[in-house]
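Scroll down for the structure; my scribbles are underneath it.
There are 2 protein chains.
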Amino acid sequence: MTLKTTDPAQTPEQVFTITQSERESMKGHAAKVIWLTGLSGSGKSTIANALELALHQQHKHTYILDGDNVRRNLNKDLGFHPESRSENVRRIAEVALMMKDAGLIVIVTCIAPFAKDRDAARALIGDAGFIEVYVSTPLAVCEQRDPKGLYKKSRAGLMKNMTGIDSPYEIPGQPELVLDTRVCSVVESVGRILGWLEQ
Amino acid sequence: MTLKTTDPAQTPEQVFTITQSERESMKGHAAKVIWLTGLSGSGKSTIANALELALHQQHKHTYILDGDNVRRNLNKDLGFHPESRSENVRRIAEVALMMKDAGLIVIVTCIAPFAKDRDAARALIGDAGFIEVYVSTPLAVCEQRDPKGLYKKSRAGLMKNMTGIDSPYEIPGQPELVLDTRVCSVVESVGRILGWLEQ
Numbered sequence: 017m018t019l020k021t022t023d024p025a026q027t028p029e030q031v032f033t034i035t036q037s038e039r040e041s042m043k044g045h046a047a048k049v050i051w052l053t054g055l056s057g058s059g060k061s062t063i064a065n066a067l068e069l070a071l072h073q074q075h076k077h078t079y080i081l082d083g084d085n086v087r088r089n090l091n092k093d094l095g096f097h098p099e100s101r102s103e104n105v106r107r108i109a110e111v112a113l114m115m116k117d118a119g120l121i122v123i124v125t126c127i128a129p130f131a132k133d134r135d136a137a138r139a140l141i142g143d144a145g146f147i148e149v150y151v152s153t154p155l156a157v158c159e160q161r162d163p164k165g166l167y168k169k170s171r172a173g174l175m176k177n178m179t180g181i182d183s184p185y186e187i188p189g190q191p192e193l194v195l196d197t198r199v200c201s202v203v204e205s206v207g208r209i210l211g212w213l214e215q
Numbered sequence: 017m018t019l020k021t022t023d024p025a026q027t028p029e030q031v032f033t034i035t036q037s038e039r040e041s042m043k044g045h046a047a048k049v050i051w052l053t054g055l056s057g058s059g060k061s062t063i064a065n066a067l068e069l070a071l072h073q074q075h076k077h078t079y080i081l082d083g084d085n086v087r088r089n090l091n092k093d094l095g096f097h098p099e100s101r102s103e104n105v106r107r108i109a110e111v112a113l114m115m116k117d118a119g120l121i122v123i124v125t126c127i128a129p130f131a132k133d134r135d136a137a138r139a140l141i142g143d144a145g146f147i148e149v150y151v152s153t154p155l156a157v158c159e160q161r162d163p164k165g166l167y168k169k170s171r172a173g174l175m176k177n178m179t180g181i182d183s184p185y186e187i188p189g190q191p192e193l194v195l196d197t198r199v200c201s202v203v204e205s206v207g208r209i210l211g212w213l214e215q
């Protein structure tokens, strides 16, 4: 006989009466996860904010799950080594899925540098409800913007594991959208995402 | 010079234009977290389901954050030792706070056996938006119901760390509501929570 701790896999999933479908009906729109991936400084948060504003004006129910903010609360126990980055993305994907289940249009801004983690997020959330937006602003431009001063710190050797400098960013292979903020304005970026949502 | 990994505390919090207040206005009601605590089998999920149904019929925007289900997804890396239980409650509280920020009425069903963890959840979410509901059904009744067969397994020595058997449950000191399902029907329980929400 093996002594075990309670294993949640042994307990049946709790199924509740109200589902995503009823919540979507009440809200008047489909629930989605829009995942903005790209380097620090690429413009993810700026696009997310403008997108949420536009959706809110259309009376759509949104939430921004911001990677930096989540690292201050839910994921404050995680660092920046590869396995911690994967766990960070896994947890964000799980929360995004629950918020989608709640009927929301969830806008995720998260570097999510590894393809396998983004693919796992897509597999978890489901292809139909997942829009991967690659904000493709090149490193040189992001580094020039350096809104948080992180590239400067990284180049000065004051910080380790900076994506694009001493930690890799794997370019998305088949994102639904690619937005290069050098040539695509914030308004145009939002327009392209809204266009995709309306498809 | 100390080499550090990127420290999120060094980066300013991202602040977005649309806030909880705008989301509440769109939804037409205040966002809240209703936390049902109590032993396994006490009736938390049954009350949560009936409460969500009632709120949905009032066109209120809800989500049930179910402790058992969260252990199958977001918290599937956690076990049932005291420190894992605390981390389980911490993460649920963080997600509940984000969902409240999204404007939802969040119904949490989670044993949350330790007072310090429930108090931390309340402190995080804020007193005004937090309703602690102690589902006080006594152990003997929960054990008789044993909807998941966990008490039986625990008594047979097939399982460790079962709350109420070989892991403690600390009774809430000042919950907003106490519901003993021996004497309080599901309909009455829901009515009492709705009454509290309308205050």
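From first to last, the protein sequence lines stand for chains A and B. Residue numbering for the first sequence is 17 to 215, as defined by our numbering. Residue numbering for the second sequence is 17 to 215, as defined by our numbering. A virtual CB, placed ideally from N, CA and C, is assigned to each residue, including glycine.
Which value, in whole angstroms, describes the spacing of the CA atoms of residue i and residue j?
i: A:PRO163; j: B:LYS132; result: 38 Å
i: B:ARG134; j: B:LEU67; result: 21 Å
i: B:ASN177; j: B:SER183; result: 5 Å
i: B:ILE63; j: A:LYS168; result: 54 Å
i: B:VAL202; j: B:GLN74; result: 18 Å
i: B:ARG198; j: B:GLY119; result: 33 Å
i: A:GLY83; j: B:LEU55; result: 34 Å
i: B:PRO191; j: B:ILE50; result: 11 Å
i: A:VAL157; j: A:ASN65; result: 20 Å
i: A:LEU193; j: A:HIS45; result: 21 Å
i: A:VAL206; j: B:ILE181; result: 55 Å
i: B:ASP117; j: B:THR35; result: 7 Å
i: A:GLY142; j: B:LYS92; result: 19 Å
i: B:TYR150; j: B:ALA137; result: 14 Å
i: B:LYS76; j: B:LYS43; result: 7 Å
i: A:GLN30; j: A:PHE146; result: 25 Å
i: A:MET175; j: A:HIS97; result: 12 Å
i: B:ILE187; j: B:ALA109; result: 19 Å
i: A:GLY95; j: A:VAL105; result: 12 Å
i: B:SER276; j: B:ALA128; result: Residue 276 of chain B is absent from the structure shown; chain B starts at 17 and stops at 215.
i: B:THR78; j: A:ARG171; result: 46 Å
i: A:CYS200; j: A:THR179; result: 23 Å
When you compare each of the options to residue i by their alpha carbons, which one comes out closest?
i: B:PHE130; options: B:GLU103, B:VAL124, B:VAL199 and B:ALA70; result: B:GLU103
i: A:ARG39; options: A:GLY57, A:GLU99, A:PHE96 and A:MET115; result: A:MET115
i: A:LEU71; options: A:PRO154, A:ILE123 and A:LEU140; result: A:ILE123
i: A:ILE80; options: A:LEU193, A:SER100, A:GLU99 and A:ALA112; result: A:ALA112
i: A:THR153; options: A:LYS60, A:LEU69 and A:ALA47; result: A:LYS60
i: A:GLY189; options: A:GLY165, A:GLU148, A:LEU155 and A:ILE181; result: A:GLU148
i: A:ALA47; options: A:HIS97, A:GLN30, A:ILE121 and A:GLU29; result: A:ILE121
i: B:PHE32; options: A:GLY165, A:ASP143, A:PHE32 and A:THR125; result: A:THR125
i: A:GLN160; options: A:ALA144, A:TYR185 and A:GLY57; result: A:GLY57
i: B:PRO28; options: A:LEU166, A:LEU52, A:ALA109 and A:THR179; result: A:LEU166
i: B:LEU195; options: B:TYR185, B:LEU52 and B:GLN30; result: B:LEU52
i: B:LEU140; options: B:LEU155, B:ARG107 and B:SER37; result: B:ARG107
i: A:GLN215; options: A:ARG171, A:CYS200, A:ALA144 and A:ALA172; result: A:ALA144
Can you confirm whether residue i, when its beta carbon is compared against all beta carbons of chain A, has any partner nearer than 8 Å?
i: B:LEU155; result: no
i: B:THR35; result: no
i: B:GLU9; result: For chain B, the structure presents residues 17 to 215; residue 9 of chain B sits outside this window and is missing.
i: B:TYR185; result: no
i: B:HIS45; result: no
i: B:MET115; result: yes
i: B:PHE32; result: yes
i: B:LEU110; result: Reading the sequence as shown, one finds Glu at residue 110 of chain B and not Leu. Output row for B:GLU110: interface = yes.
i: B:SER58; result: no
i: B:ASN85; result: yes
i: B:ILE50; result: no
i: B:GLU40; result: no
i: B:SER61; result: yes
i: B:LEU210; result: no
i: B:MET17; result: With a pLDDT of only 32 at B:MET17, under 50, the local geometry of the prediction cannot be trusted, and no value is derived from it.
i: B:ILE80; result: yes
i: B:GLU99; result: no
i: B:LEU7; result: With chain B covering 17 to 215 only, the question about residue 7 of chain B has no answer from this structure.
i: B:GLU29; result: yes
For a cutoff of 8 Å on Cβ pairs, would you count residue i as touching chain B?
i: A:GLN215; result: no
i: A:ARG107; result: yes
i: A:HIS77; result: yes
i: A:LEU90; result: yes
i: A:ASP133; result: no
i: A:ALA136; result: no
i: A:ALA118; result: yes
Name the DSSP bridge partner or partners of residue i?
i: A:VAL151; result: A:LEU195
i: B:VAL122; result: B:VAL49 and B:TYR79
i: B:SER183; result: B:THR179
i: A:PHE146; result: A:VAL49
For a test of your reading of the model: does the CB of residue i fall under 7 Å from any non-hydrogen atom of the ligand GTP? Yes or no.
i: A:ILE63; result: Absence of the ligand GTP from the depicted structure is noted, as is the absence of any ligand whatsoever, leaving it without description.
TODO: Check whether the stretch 73 to 92 of chain B touches the stretch 203 to 212 of chain A, counting contact only when three or more Cβ pairs, one atom from each stretch, lie closer than 8 Å.
DONE: The stretch 73 to 92 of chain B, when compared against the stretch 203 to 212 of chain A, does not touch it at the 8 Å Cβ threshold.
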